[in-house]
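These notes are about the structure you will find just below.
Residue numbers (the numbering used here): 136 to 583.
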């Protein structure tokens, strides 16, 4: 009998034993588990797979309401409604954290074992009352997430990166590596993408800074976006990629696909971890090398973190200008130093001087982001690479943000200011037909 037929027939529990089992337990999780178990008994699995998601959700909700209303469930009407909502989240969503995933004000969800769930809102962490039944319950939800993208999580592979259907980034680490139990971190991406005007409205940068970055991308300068965890590197990369002309072919390369480009000619590549036998791994460096054979106009590497940095720099120097990537670093200077270390990870055939010369000629602009004490993200520096001097890569700031203090509410006070001179790439920008107004680089804006 199909699920819909069973519901119409008003199927009841065959006797009172299941209801009595619920009544005999005092814990909410015990009641929830019993009702869930009874629902699974009632479902026709063959018909479940045939139903569209919306129709399935309606059928499950109707069955749950029927079970809780007609059987001996020791809950009042409000508790029954909450139980139905929880079980709907359990079956069709991510269990207890489904409301947090659906909350647009939540930016990060951090689960430290089954009984500690934190969220980040407006750059500030808050502990929630959300809990999982136990660690096994948490592992079930983790399995649901990673299996959707063809990944696995077990003792032989206790770390995994995955993503949710909306593109949100997920990282999981479980025992024996995690001593606090299964740990789940979700970096959410809003349903409405951040737009360039939003960055200005949020005072993440000034209109002059955004205009310069737009010209740099249109003139095919190579950009490196640097910052700490949660500083907004991927968000800024998504926004800046919107300045790439629609006539160009773009190849994106990521560990976990997060970039959302709106151009019509985009090819997205994603790395692959080894399978259960320990083979079949496809690294970022493999994808960067392969992308060179795909006739790209631009190559965007979601995050440079290893030996793929050498292949990316060579691509920038061999006919693929206008490429972009992000990197974890505390300053523009640190970003170039980290790039030097990563290049050395992939090859020992080059001297330090040769590697610095390669970086100095390949990277043109470094954009440094920071998450400030009040949780706001800002572009704290836009710097240009001006060459090599005494075996040192020279960096000159074009725009900077200087913090002056905080107000009574804890909001950071500061000033965006420019260097008061055009960048050394001004003539390059003009060669692409762009109008470079010197007044653009004599701009100051207070932030309060």
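Quick reminder that beta carbons are idealized off the backbone N, C-alpha and C, glycines included.
Query, Result
"Check whether residue 499 and residue 515 have beta carbons under 8 Å apart", "no"
"Closest residue to residue 413 among 311, 286 and 468 (Cα-Cα distance)", "286"
"Contact under 8 Å by Cβ, residue 538 with residue 555", "no"
"Residue 571 versus residue 581: straight-line alpha-carbon distance, rounded", "23 Å"
"Spatial neighbours of residue 341 in its chain, beta-carbon cut-off 8 Å, leaving aside the 5 residues before and after", "335, 534, 551, 578 and 580"
"Residue 363 versus residue 467 - alpha carbon distance", "11 Å"
"Residues near residue 573 in its chain [Cβ-Cβ closer than 7 Å; skip 5 each side]", "557"
"Neighbourhood of residue 446 by C-beta, 6 Å cutoff - its chain only, sequence neighbours within 5 removed", "420, 423 and 424"
"Three or more C-beta pairs below 8 Å linking the segment 223-232 and the segment 275-285", "yes"
"Residue 321 vs residue 303 beta-carbon contact at 8 Å", "yes"
"Nearest-angstrom Cα separation, counted from residue 173 out to residue 149", "The predicted model places residue 149 with a pLDDT of 37, which falls under 50 and marks its position as unreliable; any figure quoted below should be read in that light. Approximately 11 Å between the Cα atoms of the pair."
"Unbroken beta strand (DSSP E) run spanning residue 528, endpoints", "527-541"
"Extent of the continuous alpha helix (DSSP H) to which residue 410 belongs", "Per DSSP, residue 410 belongs to no alpha helix (DSSP H) and is neither H nor E."
"Contact under 8 Å by Cβ, residue 345 with residue 462", "no"
"Candidates 281, 262 and 252, of which the one nearest residue 268 by Cα", "252"
"Residue 385 beta carbon less than 8 Å from that of residue 431", "yes"
"Simplified DSSP state of residue 272, which is helix, strand or coil", "helix"
"Residues that DSSP places opposite residue 385 in a beta bridge", "401 and 433"
"Own chain residues within Cβ distance below 6 Å of residue 478, not counting five before or after", "444, 445 and 490"
"Limits of the unbroken beta strand (DSSP E) element including residue 495", "Looking at the DSSP string, residue 495 is not in any beta strand (DSSP E); the run it does join, the alpha helix (DSSP H), is 487-497."
"Start and end residues, beta strand (DSSP E) containing residue 452", "Per DSSP, residue 452 belongs to no beta strand (DSSP E); it is in the alpha helix (DSSP H), 443-452."
"DSSP state of residue 282 mapped onto helix, strand, coil", "helix"
"Contact set for residue 495: own chain, Cβ-Cβ below 7 Å, skip 5 residues either direction", "520, 522, 523 and 528"
"Where the beta strand (DSSP E) containing residue 519 begins and where it ends", "512-524"
"Between the CA atoms of residue 284 and residue 390 - distance to the nearest angstrom", "12 Å"
"8 Å CB neighbourhood of residue 235 in its chain, flanking five on each side removed", "241, 244, 252, 254, 263 and 265"
"Through-space distance from residue 532 to residue 517, alpha-carbon basis", "6 Å"
"Where residue 181 sits in the DSSP three-state scheme", "Below a pLDDT of 50, predicted positions are generally treated as unreliable, and residue 181, at 49, falls in that range; no measurement from the model is reported."
"Nearest-angstrom Cβ-Cβ length linking residue 288 and residue 307, presumed shorter than 8 Å", "6 Å"
"From 395, 388, 258 and 434, residue whose alpha carbon lies closest to that of residue 407", "388"
"Exposed unless 16 or more other CB atoms sit within 10 angstroms - verdict on residue 566", "exposed"
"Beta carbon of residue 508 nearer than 8 Å to that of residue 547", "yes"
"8 Å Cβ cutoff, residue 389 in contact with chain C", "Checking the listed chains, one finds no chain C in this structure; it contains a single protein chain."
"Where the beta strand (DSSP E) containing residue 307 begins and where it ends", "304-308"
"Whole-Å CB distance - residue 381 paired with residue 399, under 8 Å assumed", "6 Å"
"CA nearest to the CA of residue 290, picked from 313, 272, 282 and 280", "313"
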